[in-house]
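S.K.:
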Amino acid sequence: MRTGFFRSRLLALIVAAGALGGGQTVSLASGRVLRYSTNGNSTLVRIARQQVLLARDKTVEPGSPVADFKVLGEEANRIYVVTDSYPSRPGPMSYCQAGQEQFVRVLVRGKSLRQTFALKVASCLSNLELGSPGLTWDTRASTLSVNWLTGAHRYKVDERGSVSAIDSEK
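If you want the working numbering, it's the position in the sequence shown, counting the first as 1, plus 1.
1. Can you tell me where the beta strand (DSSP E) with Pro134 in it begins and where it stops?
2. Which residue wins for smallest C-alpha separation from Gly174, given the options Leu129, Ser163, Ser133?
3. Roughly how far, in whole angstroms, is the beta-carbon of Arg33 from the beta-carbon of Ala49, given that I think they are within contact range, below 8 Å?
4. Checking 9 Å against the spacing of the C-beta atoms, do Ser86 and Gln103 come in under that value?
5. Using the C-alpha atoms, what's the distance from Ser165 back to Glu75?
6. Do you know whose CA, among Leu108, Ala68, Ser113, lies nearest Leu1's CA?
7. So, with DSSP's three-state summary, where would you put Ser146?
8. Sorted by chain position, which residues of the same chain lie with C-beta nearer than 7 Å to Leu29's C-beta, five sequence neighbours on each side aside?
9. Specify, as a first and last residue, the run of the beta strand (DSSP E) that Gly74 falls within.
10. Trp149 to Ser124, Cα distance in whole Å?
11. What is the DSSP secondary structure of Pro66, reduced to helix, strand or coil?
In structure tokens:
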């Protein structure tokens with residue numbers, strides 16, 4: 002019976018996916034795959050055999066899954082600029098019930114995967130909103146631009162993944 006064969010193959014694929022850690026995946030420019038999943042009140046990110054837990058703050062609904070995860074930039078197959086979003090914790094009188102909390106982060110692969118920079122860029126509860134064009138990554142200059150409604154900030158990411166503010170406008 003073909004149906005029995007198909008079901009057993011499907012079950013094997015599901016078990017294999019669970020063994021690999023499940024969650025969602027993002028293809029990287031290097032050909033690698035970044036995996037992310039919710040781990041309690043954190044987000045677990047894996048690249049190859051390395052992993053790091055990304056902290057969330059108190060404005061994020063506890064235990065909520067990742068609403069959105071994007072790779073803004075990848076440098077030298079070891080530095081990754083990512084953005085992650087989550088549902089807001091509902092405030093009084095249902096304030097921010099459908100709101101979002103968003104972070105931008107720099108992850109570096111070395112002996113381990115580590116986070117070298119994290120910044121909240123949008124928040125319903127903190128009344129923080131991105132303007133246009135929002136977040137941009139300039140590969141040639143290795144700079145991250147954060148454009149809020151209240152002004153813009155730029156950050157330089159060096160070859161070690163260290164981040165420094167280079168200018169801002171208000």
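Glycine is no exception: its CB is placed at the ideal position from the N, C-alpha and C atoms.
M.R.: Once the coordinates are examined:
1. Your numbering for residue 134 matches position 133 in the sequence shown. It spans 131-139 - the beta strand (DSSP E) in which Pro134 sits, taken as one unbroken run.
2. One cannot answer for residue 174 here, as it falls past the ends of the chain, which runs 2 to 171.
3. Position 32 of the sequence shown holds residue 33. Position 48 of the sequence shown holds residue 49. That pair is a contact at about 6 Å.
4. As a working mapping, residue 86 is identified with position 85 in the sequence shown. As a working mapping, residue 103 is identified with position 102 in the sequence shown. Result yes, Cβ atoms of Ser86 and Gln103 sit closer than 9 Å.
5. The count along the sequence shown starts at 1 and reaches residue 75 at position 74. The count along the sequence shown starts at 1 and reaches residue 165 at position 164. C-alpha separation (whole angstroms): 17 Å.
6. Shown here, the chain extends from 2 to 171; a query on residue 1 therefore has no answer.
7. Reading the sequence shown from its first residue, position 145 is the one you call residue 146. Three-state DSSP puts Ser146 in a strand.
8. Mapped onto the sequence shown, residue 29 falls at position 28. Counting only Cβ-Cβ distances below 7 Å, and skipping sequence neighbours, we find Leu35, Val72, Glu75.
9. In the sequence shown, residue 74 corresponds to position 73, counting from 1. Counting along the chain, the beta strand (DSSP E) containing Gly74 begins and ends at 69-76.
10. Against the sequence shown, residue 149 aligns to sequence position 148. Against the sequence shown, residue 124 aligns to sequence position 123. Each residue's Cα considered, the two are about 11 Å apart.
11. Residue mapping note: residue 66 aligns to position 65 of the sequence shown, counting from 1. Coil, per DSSP.
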